[in-house]
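S.K.: Position in the sequence shown (from 1) plus 377 gives the number in our numbering.
Okay, handing you the structure first.
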Amino acid sequence: MARALRGLRCAAGPAPGPERGPGSGPGPGPGLERGPRVRFGPSPTGFLHLGGLRTALYNYIFAKKHQGTFILRVEDTDQNRVVPGAAEGIEDMLDWAGIPPDESPGRGGPAGPYVQSQRLELYGRAGAALLASGAAYRCFCTPQRLELLRRDALRSQQTPRYDNRCRHLTPTEVSQKLSQGLDCVIRFRLEKGVQPFQDLVYGWNKHEVAEVEGDPVILKGDGFPTYHLANVVDDHYMGITHVLRGTEWLASTSKHLLLYKAFGWEPPQFGHLPLLLNKDGGKLSKRQGDIFLERFARDGFLPEALLDIVTNCGSGFTEKQMGRTLEELISQFEVGRITTHSALLDLEALPEFNRIHLTRHIENQALRQKLIKELQGLVELVYGDQQVDPDVLENEYVERVLLLRKGHISLLKNLVSSDYSYLWVRPSVSRQQLQTISAEVDEIGKLVLGLLTRQAGALTMEELNKDLRSLQKQTRETKYSSMMQLLRLVLSGRQVKKQF
Ligand code: GLU
């Protein structure tokens, strides 16, 4: 297949004129929604991580704020790095995070297909149009020659770059090489004198790309485009109006603008997002899966907590504030408020973010019902093989536990940890353990039972505290604190008060 495409591309007769290429149309295809169209273009090389989530999120909230469309486009032009299942995993995680795309490989849409490897014909036609207009040329340099150039440059401490040799081939030389069946790629002619552009985040910018790099390959021998061609062609045909992407692409934007100019297309507006770094300024580590969304989901973090933490450390809002909901993120976001300094992410604060969002979920009637089900499942999972009193699985009981503990727990699963086991299974405590606290254990037991029988109705916390204090007066040798310690041990199996 690759060979067939290669043969076809290099041996092609006269290239199709621009009228048949993508340069012909005045704009993107018909049927695209009005309003801003933005896209998240991950390469399917693994799981979605926090950096990717942040880029997707800024695109999502920008689209929703301006009644626009959020698109997921899978950028798989580097086939060697594609991980099977990664593209589907990324879309699933966007759904989990509550920021689903409006158009995507899974959902389809009017500008599809949304996977670059399914759009090769479009890139082929775009490359042919640039060849025909003279903005691109065929390059027959062998990998050996390119390697020699690279080594020479390194030896003289220069940055390796292509020397643009094939720019100067005559049409006859090109025809000869084609008829000999030589392999070729297509390169874009980088022109000097780029126009500055106004980045939504970084302001006025330009990079004289022709002065620092050789003409880039835009179509490879196997018919696959490189990133630069594919992203320009797709952004155009998908009607993208705003490109919000990582700052690592800022220096390539002048090159992309030269491509737009060569096609005669109007470019989108660009906004580059500063880097997301560890709180100490180091690169976010992907080791041990510690920044992948799958891991946070598995550990029981709420998606809202992740959205909140990645926007809190960055910018785009008037002030820092914990606990924003997605709706608040959308209404308060201003792209012009994104600052250019790196965003430092303090993952140690994530449990605190989760605590705030979990409290909000518990306080919300509908969300609480979901938590009740989830907690019942966790109790069965963790304590299912022990003697669980069926009453503790009742909705009403589980709901009371949630309401009493809200604000004290950062993860739902804290409630099934050993510190809270007494909520679900009876503690086993030996008489000896009790007697070391007080010799009056039997008397105290009777007094407490008597008190509970008298107070069969609902008892408030204050009433109970008062009764316990007066009850203690009836004991001879046991101090109030020891009596409370005794009760704690009987009821929870724990010696000390645990603070969550
Ligand atoms: N595929 C690129 C990446 O994963 C996307 C760049 C862009 O958004 O233009 O970084």
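All C-beta atoms in this analysis are idealised placements derived from N, C-alpha and C, irrespective of residue type, glycine included.
(1) Could you compute how far the alpha carbon of Gly-404 sits from the alpha carbon of Gly-489?
(2) How many angstroms separate the CA atom of Ala-726 from the CA atom of Leu-824?
(3) Near Asp-540, which residues of its chain fall below 7 Å by C-beta distance, leaving aside the five closest residues on each side in sequence?
(4) Should Arg-496 be listed as close to the ligand GLU, given that the test is whether its C-beta is under 7 Å from any heavy atom?
(5) How is the alpha helix (DSSP H) around Gly-700 delimited, first residue to last?
(6) Tell me whether Trp-626 counts as near the ligand GLU, meaning its Cβ is closer than 7 Å to at least one heavy atom of that ligand.
(7) Assuming contact is defined by CB atoms lying nearer than 8 Å, are Thr-432 and Val-459 in contact in what I supplied?
(8) May I ask whether a heavy atom of the ligand GLU can be found less than 7 Å away from the beta carbon of Glu-740?
(9) Does the Cβ of Leu-508 have 16 or more other Cβ atoms within 10 Å, making it buried, or fewer, making it exposed?
(10) Please go through the same chain and pick out, in chain order, the residues whose beta-carbon is closer than 6 Å to the beta-carbon of Tyr-857, but skip the five residues on each side of it.
(11) Give the C-beta separation of Glu-452 and Ser-420 to the nearest angstrom, bearing in mind that I take them to be a contact with Cβ-Cβ under 8 Å.
(12) Taking only the alpha-carbon atoms, compute the straight-line gap between Pro-537 and Cys-561 and give it to the nearest angstrom.
(13) How many Å lie between Glu-711 and His-443 at the Cα?
(14) Give the range of the beta strand (DSSP E) segment to which Thr-446 is assigned.
(15) Applying the 10 Å Cβ sphere with the 16-neighbour rule, what's the burial state of Leu-863?
(16) Kindly indicate the opening and closing residues of the beta strand (DSSP E) around Tyr-878.
(17) Here's a check: name, in chain order, each residue in its chain whose Cβ is nearer than 8 Å to the Cβ of Ser-708, leaving out the five neighbours to either side.
(18) Whole alpha helix (DSSP H) runs in the segment 571–624 with 4 or more residues, listed along the chain?
(19) Under 8 Å by Cβ, that's how I've got Ile-467 and Leu-425 pegged, so tell me the actual separation to the nearest angstrom.
(20) So, helix, strand or coil for Tyr-720, using DSSP?
(21) In the structure shown, what three-state DSSP assignment does Asn-731 receive?
(22) Under 7 Å from any heavy atom of the ligand GLU, does the C-beta of Gly-466 make it?
(23) Whose C-beta lies closer than 8 Å to the C-beta of Ala-607 among residues of the same chain, with five residues either side of it excluded?
(24) Excluding the five sequence neighbours on either side, which residues of its own chain have a C-beta within less than 6 Å of the C-beta of Val-769, listed in chain order?
(25) Is Gly-648 near Val-578, with beta carbons less than 8 Å apart?
(26) Give me the residue from Arg-522, Gln-521, Ala-503, Pro-520 with the minimum Cα distance to Tyr-514.
(27) Residues in its own chain within less than 6 Å of Gly-418 by CB, not counting five upstream and five downstream?
(28) Across which residues does DSSP place Asn-655 in a beta bridge pair?
(29) If you draw a straight line from the alpha carbon of Lys-750 to that of Lys-790, how long is it in whole angstroms?
(30) If contacts are defined as beta-carbon pairs under 8 Å, then Pro-593 and Arg-564 qualify, I think. What distance do you get, rounded to the angstrom?
(31) If you run the structure through DSSP and keep just helix, strand and coil, what is Phe-640?
(32) Starting from Ile-668, trace the beta strand (DSSP E) in both directions and tell me its first and last residue.
(33) Okay, do the segment 626–636 and the segment 654–664 touch, 3+ Cβ pairs below 8 Å being the bar?
(34) Taking 7 Å as the cut-off, is the C-beta of Ser-481 nearer than that to any heavy atom in the ligand GLU?
(35) Just curious, the alpha helix (DSSP H) that Ile-367 is in, first and last residue?
M.R.: On the basis of the coordinates in this document:
(1) The sequence position of residue 404 within the sequence shown is 27, counting from 1. The sequence position of residue 489 within the sequence shown is 112, counting from 1. Only weak support exists for where Gly-404 lies, its pLDDT of 49 falling under 50; the coordinates are left without a value.
(2) As a first step, residue 726 must be located in the sequence shown, where it is residue number 349. As a first step, residue 824 must be located in the sequence shown, where it is residue number 447. Answer to the nearest angstrom: the Cα atoms are 46 Å apart.
(3) Within the sequence shown, residue 540 is the residue found at index 163, counting from 1. Closer than 7 Å at the Cβ level, and outside the excluded window around Asp-540, lie Leu-526, Gly-591.
(4) Indexing the sequence shown from 1 puts residue 496 at position 119. Checking the Cβ of Arg-496 against the ligand GLU gives no.
(5) On the sequence shown, residue 700 is found 323 positions in, with the first residue counted as 1. Premise fails: Gly-700 is in no alpha helix (DSSP H) and is neither H nor E.
(6) As a first step, residue 626 is located in the sequence shown; it is residue number 249 there, counting from the start. The answer is yes for Trp-626.
(7) Numbered from its first residue, the sequence shown carries residue 432 at position 55. Numbered from its first residue, the sequence shown carries residue 459 at position 82. Not closer than 8 Å, so no.
(8) Working through the sequence shown from its first residue, we reach residue 740 at position 363. Every heavy atom of the ligand GLU is 7 Å or more from the Cβ of Glu-740, so no.
(9) Numbered from its first residue, the sequence shown carries residue 508 at position 131. So Leu-508 counts as buried.
(10) For the purposes of this step, residue 857 is taken as residue 480 along the sequence shown, with counting starting at 1. If we look at Tyr-857 and ignore the five residues flanking it on each side, its Cβ neighbours are Gln-849.
(11) Within the sequence shown, the letter at position 75 stands for residue 452. Within the sequence shown, the letter at position 43 stands for residue 420. Confirmed, Cβ separation roughly 5 Å.
(12) On the sequence shown, position 160 is the one that residue 537 refers to. On the sequence shown, position 184 is the one that residue 561 refers to. Going by the C-alpha atoms only, they are around 20 Å apart.
(13) Numbered from its first residue, the sequence shown carries residue 711 at position 334. Numbered from its first residue, the sequence shown carries residue 443 at position 66. Rounded to whole angstroms, Glu-711 to His-443 spans 11 Å at the Cα level.
(14) If you number the sequence shown from 1, residue 446 lands on position 69. Taken as a continuous stretch (DSSP letters only), the beta strand (DSSP E) holding Thr-446 covers 446–449.
(15) Here residue 863 is taken as the residue at index 486 of the sequence shown, counted from 1. Classification for Leu-863: buried.
(16) Since the first residue of the chain shown is 378 and the last is 877, residue 878 is not available in this structure.
(17) What you label residue 708 is simply residue 331 of the sequence shown in a count that begins at 1. For Ser-708, where only same-chain residues beyond five positions count, the Cβ hits under 8 Å are Lys-442.
(18) 586–589, 604–614
(19) On the sequence shown, position 90 is the one that residue 467 refers to. On the sequence shown, position 48 is the one that residue 425 refers to. Going by Cβ atoms, the distance from Ile-467 to Leu-425 rounds to 5 Å, so yes, they are a contact pair.
(20) Mapped onto the sequence shown, residue 720 falls at position 343. A small correction: the amino acid at residue 720 is Ala; Tyr does not occupy that position in the sequence shown. Three-state result, Ala-720: strand.
(21) Against the sequence shown, residue 731 aligns to sequence position 354. Helix, per DSSP.
(22) Within the sequence shown, numbered from 1, the residue matching residue 466 stands at position 89. No, since every heavy atom of the ligand GLU falls outside the 7 Å radius drawn around the Cβ of Gly-466.
(23) For this step, residue 607 is matched to residue 230 along the sequence shown. Contacts found: Glu-452, Thr-454, Gln-493, Arg-496, Tyr-500.
(24) Within the sequence shown, numbered from 1, the residue matching residue 769 stands at position 392. Hits under 6 Å: Trp-801.
(25) Taking the first residue of the sequence shown as 1, we reach residue 648 at position 271. Taking the first residue of the sequence shown as 1, we reach residue 578 at position 201. Yes, the Cβ-Cβ distance between Gly-648 and Val-578 is below 8 Å.
(26) Within the sequence shown, the letter at position 137 stands for residue 514. For Tyr-514, the nearest C-alpha among the options comes from Ala-503.
(27) To locate residue 418, count along the sequence shown from 1; it is residue 41. Taken in chain order, the residues that qualify are Arg-450, Glu-452.
(28) Taking the sequence shown and counting its residues from 1, the one referred to as residue 655 is at position 278. In DSSP, Asn-655 forms a bridge with Leu-722.
(29) For the purposes of this step, residue 750 is taken as the residue at position 373 of the sequence shown. For the purposes of this step, residue 790 is taken as the residue at position 413 of the sequence shown. Each residue's alpha carbon lies about 13 Å from the other.
(30) Stepping through the sequence shown from its first residue, residue 593 is reached at position 216. Stepping through the sequence shown from its first residue, residue 564 is reached at position 187. The pair is a contact, with the Cβ atoms about 6 Å apart (cut-off 8 Å).
(31) Here residue 640 is taken as the residue at index 263 of the sequence shown, counted from 1. In this structure, Phe-640 counts as helix in the three-state DSSP scheme.
(32) On the sequence shown, position 291 is the one that residue 668 refers to. No beta strand (DSSP E) holds Ile-668; DSSP gives it neither H nor E.
(33) no
(34) Walking along the sequence shown from the start, residue 481 turns up at place 104. No.
(35) Nothing can be reported for residue 367, as the shown portion of the chain is limited to 378 through 877.
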